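Q: Numbering (the working numbering), first residue to last: 7 to 981.
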């Protein structure tokens, strides 16, 4: 595989014996690799991959990390932007990770595809088991490494600096990284992962925020603000203010004094005079150009009059100058200078105020307080020791002033007089790799690895818990994958080699033989030592997955009933009594007679009566559902037909409650002409006009008329419902104020009709017949801020996910693509559809669940998991799928169809059972929109009607919708 890089290849790979481990610091920003025992990594590069094609030969090359800009002119990079294997500091894209590892081992000097050295690789705190298992599969299957071990980068850095006397045994480790920030408390040199916390803010967000501010401040240089340049500006000029408010006021005062100085001094007056002189020269130059143009036009008119006597010249150019569009101000040398002002301390401030960029999480100083409060023991002396040694590491802690700001912020949340000391790592960038290198060079490392033989014998699932029992002295640098509610981690005590592990029931989902305890971190005293164990007693309880209390131990319908013995009354119905108890309390009570104390059907004897009438009892054998065929069991003597009847299905009206006439509503599958706003306004595109219909008072307003040479192809409201975007047949995108019926902005870019639009919180995406997707930002003067190229035919479907992170697009090329905001290349290409994909809908109930529908040749509704690209389900509807929409109130989805049945169908997810099938349109149901309350849908078709259906219940009262189908007899015209 050809690589392009400026990194020199190492030549001493063969000099290291196979027993020498390779140490990898796999960071989200930079990748570092080297040999155990050394103090510096051999190879360092950015952890990104780009795969462009050569312009002449068409060969695809792989560019990993930093590249030579002079070589990129020979390659086409428009379709392959930089991509990362990380998502929120966790590796998910292992195809990209394989390119990175190929390049790293090649630069390290490996000549063969097999790596015969053990590997120690770092990971984030509480790394998911899925990511760790896939990394093990990649290293074992692809590279054939003999053994691997994992470690937490922040813990390696802390122990390395503790060895050098920078931090104490008790302290807090704050690690602001590239995409996330972690806080880990250390007690007696051991990390307490119960007190960990994380926030999704890091250096990436600072650079992105600065890039946005500079692009808005200098729109002429928007294309010049590349990621690398903004990153360099951030590292060279940014700092963290100790008090942001005071710093901002001081900066404004300095700016005012500077302006006043320039106005009052002779130098300032001279500059102003020079600027006026340059403007006069520019004005004279333009006048001369206009005069030359005027004389040239006059000569052409005279010549044309001589050749053709019927020629009529245009009006004099001098008379038309009054109506000429005013020219833009000419650019001067000041326009090519960047003044780096308040951005120097405003951008790094988001580490302490993430809400400035829309992240509703705590800052660094607040996280320290949260971590201390999460500790198991609340000891004032211990908390004082922790705050006396606050250790800061990671690439985002290099800003000047971060120590002082952290100390001031933590002092505000700690009791008065608490000792607070913030120290920075010796080298925040390389200390994690150096700590891992020292650990891999210790004698205990080989007893704490996961071998290839173990992997082939038990697979990657062995990483979930059985691995520590094979190697009882495993280091606590390994982050646990058992998580609490906020990405916290619990570590487990390991048994000694002398005694076999004892099985205990704990509150955690642990493998058999594992008990709830915590491992210990070894102390650096010249070398790494083995780990000792601390016992942690736990109460016996039923285990459940992911720390969710087990349902089998919390069923409130299974209570034990203890009654005092009483004589059976004459004529009583013992069978009815047993049935009543079984219905109320579960099947366990069918085995007890009403008199109490007698055993029925071979049940165990009842314990002695107690004062409590009801006592909690776990059901181990009975059916879990109250609607089971036999509640009393097979030997109860009762028929299985005696059971509670199931809940009747929800009633859905079969007729629309309102019908609107919509003349000139086009019968075109690729258009999107109906949308319902959050302010209860329905927008409909009819021919060349857009009409607004108020659902509250049925008032119709004409929003715009595009004229005879243009037409409406798509409409889309913003989420707030105040502005509406209109796509035209000429390729324009117009934004209108729906309340004032006033056009706000017109944006170009597309070559032909714009048939689909999609808003998120601030970005408008538009798809066109020219196969391109443009992203528009109204805050930017340019027509579009990015261009997404991936479809080979017309784009007819666009939908943003509810968290604004992913954009799904469907096209006439039968492709469904998923994009994110970090790359101009699709992260998923789904090609299972066999017809055009217009119907797209993201589930509001489950993150990453995407539904899509195909055209006439496909007729299927498919459900996708966008986190891994797997297809979850597929249903053949029998008709062309035109639209999809999820219910906001219940987990149901509605679909509209075309050839050949033109029906509307309501489905129950995930069973995909049909709730209702509605008919009424005579032609394809091409348009669909949902009301703000989520109860009503409106459908449109080529029969020039809009029909309103009540199909979903409300959020608060899930009662059947009242059938008001008689309203459909009265029609209203929308224009």
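Where is the CB? At the ideal position from N, CA and C, for every residue including glycine. What you are looking at is a predicted structure, and each value in this text was computed from that prediction instead of being measured.
Contact defined as beta carbons within less than 8 Å: I believe residue 725 pairs with residue 774. What is the distance between those atoms, to the nearest angstrom?
A: For this step, residue 725 is matched to residue 719 along the chain shown. For this step, residue 774 is matched to residue 768 along the chain shown. About 22 Å; that fails the 8 Å criterion.
Q: Specify whether the stretch 402-422 and the stretch 363-376 touch according to this definition: at least 3 beta carbon pairs, one from each stretch, less than 8 Å apart.
A: The stretch 402-422 vs the stretch 363-376: in contact.
Q: Tell me, please, which residues DSSP counts as bridged to residue 392.
A: Position 386 of the chain shown, counting from 1, holds the residue named residue 392. In DSSP, residue 392 forms no bridge with anything.
Q: Which partner residues of residue 710 appear in the DSSP bridge assignment?
A: To locate residue 710, count along the chain shown from 1; it is residue 704. Paired residue(s): 696.
Q: If I follow the unbroken alpha helix (DSSP H) through residue 445, where does it start and stop?
A: In the chain shown, residue 445 corresponds to position 439, counting from 1. Here the alpha helix (DSSP H) through residue 445 covers 437-446.
Q: Could you name each continuous beta strand (DSSP E) segment of 3 residues or more that falls completely within the stretch 756-831, going from the start of the chain to the end?
A: You should have 760-765, 770-774, 778-782, 792-795, 801-806, 812-817, 822-826.
Q: Can you tell me which of 245, 847, 218 puts its alpha carbon nearest to the alpha carbon of residue 232?
A: Indexing the chain shown from 1 puts residue 232 at position 226. Nearest of 245, 847, 218 to residue 232, Cα basis: 218.
Q: Should residue 722 go down as buried or exposed, given a rule of 16 or more other Cβ atoms within 10 Å for buried?
A: Taking the chain shown and counting its residues from 1, one reaches residue 722 at position 716. Buried, by the Cβ-count rule.
Q: Let me confirm a value: residue 777 is counted as buried when at least 16 other C-beta atoms fall within 10 Å, else exposed. Which label applies?
A: For the purposes of this step, residue 777 is taken as residue 771 along the chain shown, with counting starting at 1. The residue in question, residue 777, is buried, as its Cβ has 16 or more Cβ neighbours within 10 Å.
Q: Can you give the Cα-Cα distance for residue 331 and residue 296, rounded to whole angstroms?
A: Position 325 of the chain shown, counted from the first residue, corresponds to residue 331. Position 290 of the chain shown, counted from the first residue, corresponds to residue 296. Unreliable positioning characterises residue 331 in this predicted model, as indicated by a pLDDT of 45, which lies under 50. The coordinate reading is nonetheless provided below. Between residue 331 and residue 296, the C-alpha separation is close to 14 Å.
Q: Looking at the ligand NAD, does it come within less than 8 Å of residue 254, judged from the CB to the closest heavy atom?
A: Absence of the ligand NAD is noted for the structure shown, with no ligands found whatsoever.
Q: Could you check if residue 848 is buried or exposed, using at least 16 other CB atoms within 10 Å of its CB as the buried criterion?
A: Walking along the chain shown from the start, residue 848 turns up at place 842. Result: buried.
Q: Which residues does DSSP pair with residue 203 in a beta bridge?
A: Position 197 of the chain shown, counting from 1, holds the residue named residue 203. In the DSSP output, where bridge partners are listed per residue, residue 203 has 189.
Q: Thinking C-beta only, is residue 897 closer than 9 Å to residue 925?
A: By 1-based counting over the chain shown, the position of residue 925 is 919. By 1-based counting over the chain shown, the position of residue 897 is 891. Against a cut-off of 9 Å, the Cβ pair of residue 897 and residue 925 comes out as no contact.
Q: In three-state DSSP terms, what is residue 417?
A: Counting from 1 along the chain shown, the entry for residue 417 is found at position 411. In this structure, residue 417 counts as helix in the three-state DSSP scheme.
Q: Does DSSP put residue 212 in a helix, a strand or coil?
A: Translated into the one-based positions of the chain shown, residue 212 becomes position 206. Residue 212 falls in the helix class under three-state DSSP.
Q: Identify, in the order they occur along the chain, each residue of the same chain with its Cβ nearer than 7 Å to the Cβ of residue 359, setting aside the five sequence neighbours on each side.
A: Residue 359 sits at position 353 when you count from the first residue of the chain shown. Around residue 359: 369.
Q: Looking only at its chain, what residues have a beta carbon closer than 6 Å to the beta carbon of residue 864, apart from the 5 residues adjacent to it on each side?
A: Position 858 of the chain shown holds residue 864. 839, 840, 841, listed in sequence order.
Q: With a threshold of 7 Å on Cβ separation, who are the neighbours of residue 716 within its own chain once the five nearest residues in sequence on each side are excluded?
A: Taking the first residue of the chain shown as position 1, residue 716 is located at position 710. Same-chain partners within the cutoff: 694, 734, 735, 736.
Q: Enumerate in chain order the residues of its own chain whose CB-to-CB distance from residue 954 is below 7 Å, with the five nearest sequence positions on each side excluded.
A: As a position in the chain shown, residue 954 is number 948, starting the count at 1. If we look at residue 954 and ignore the five residues flanking it on each side, its Cβ neighbours are 662, 663, 664, 942, 944.
Q: Can you look up residue 161 in the DSSP assignment and give me helix, strand or coil?
A: For the purposes of this step, residue 161 is taken as the residue at position 155 of the chain shown. In the structure shown, residue 161 sits in a helix (DSSP, three-state: H, G or I).
Q: Taking the alpha-carbon positions, what's the residue 764 to residue 860 distance?
A: Locating residue 764 in the chain shown gives position 758, where the first residue counts as 1. Locating residue 860 in the chain shown gives position 854, where the first residue counts as 1. In a straight line, the C-alpha of residue 764 is about 19 Å away from that of residue 860.
Q: Within this structure, are the beta carbons of residue 675 and residue 739 separated by less than 9 Å?
A: Position 669 of the chain shown, counting from 1, holds the residue named residue 675. Position 733 of the chain shown, counting from 1, holds the residue named residue 739. Against a cut-off of 9 Å, the Cβ pair of residue 739 and residue 675 comes out as no contact.
Q: Do the stretch 390-404 and the stretch 440-450 meet, that is, are 3 or more Cβ pairs less than 8 Å apart?
A: In short, these stretches do not touch, since the Cβ pair count stays below three.
Q: Once DSSP output is grouped into helix, strand and coil, what is the label at residue 123?
A: Numbered from 1 along the chain shown, position 117 holds the residue referred to as residue 123. In this structure, residue 123 counts as coil in the three-state DSSP scheme.
Q: Tell me which same chain residues have a C-beta within less than 6 Å of the C-beta of residue 952, skipping the five on either side of it?
A: Stepping through the chain shown from its first residue, residue 952 is reached at position 946. For residue 952, where only same-chain residues beyond five positions count, the Cβ hits under 6 Å are 666, 668, 944, 946.
Q: So residue 38 is in the beta strand (DSSP E); what residue range does that whole segment cover?
A: Position 32 of the chain shown, counted from the start, is the residue given in the question as residue 38. Start and end: 36-41.
Q: How many Å lie between residue 450 and residue 820 at the Cα?
A: Residue mapping note: residue 450 aligns to position 444 of the chain shown, counting from 1. Residue mapping note: residue 820 aligns to position 814 of the chain shown, counting from 1. When rounded, the distance between both Cα atoms is 56 Å.
Q: Judging by CA-CA distance, which residue of 818, 936, 448 is the nearest neighbour of residue 25?
A: As a position in the chain shown, residue 25 is number 19, starting the count at 1. The shortest Cα separation from residue 25 among 818, 936, 448 belongs to 448.
Q: Can you name, in chain order, every residue of its own chain whose Cβ lies under 7 Å from the Cβ of residue 103, other than the five neighbours on each side?
A: In the chain shown, counting from the first residue as 1, residue 103 sits at position 97. Within the same chain, residue 103 has close Cβ partners 91, 97, 144.
Q: Looking at the structure shown, is residue 72 part of a helix, part of a strand, or coil, going by DSSP?
A: Within the chain shown, numbered from 1, the residue matching residue 72 stands at position 66. It is coil, neither helix nor strand.
Q: Quick one: what does DSSP say residue 933 is sitting in, helix, strand or coil?
A: What you label residue 933 is simply residue 927 of the chain shown in a count that begins at 1. Of the three classes helix, strand and coil, the one that applies to residue 933 here is strand, per DSSP.
Q: Judging by CA-CA distance, which residue of 808, 853, 828, 877 is the nearest neighbour of residue 835?
A: The residue labelled residue 835 in the question sits at position 829 within the chain shown. Checked all of 808, 853, 828, 877; the closest Cα to residue 835 is 877.
Q: Buried or exposed: residue 18, going by 16 or more other Cβ atoms within 10 Å of its Cβ?
A: By one-based count along the chain shown, residue 18 stands at place 12. By the neighbour-count rule (16 or more Cβ atoms within 10 Å), residue 18 is not buried but exposed.
Q: Judging by CA-CA distance, which residue of 875, 31, 866 is the nearest neighbour of residue 888?
A: Here residue 888 is taken as the residue at index 882 of the chain shown, counted from 1. Measuring from the Cα of residue 888, the nearest candidate turns out to be 866.
Q: Out of 117, 61, 810, 70, which one is the CA nearest neighbour of residue 21?
A: Taking the first residue of the chain shown as position 1, residue 21 is located at position 15. It is 117.
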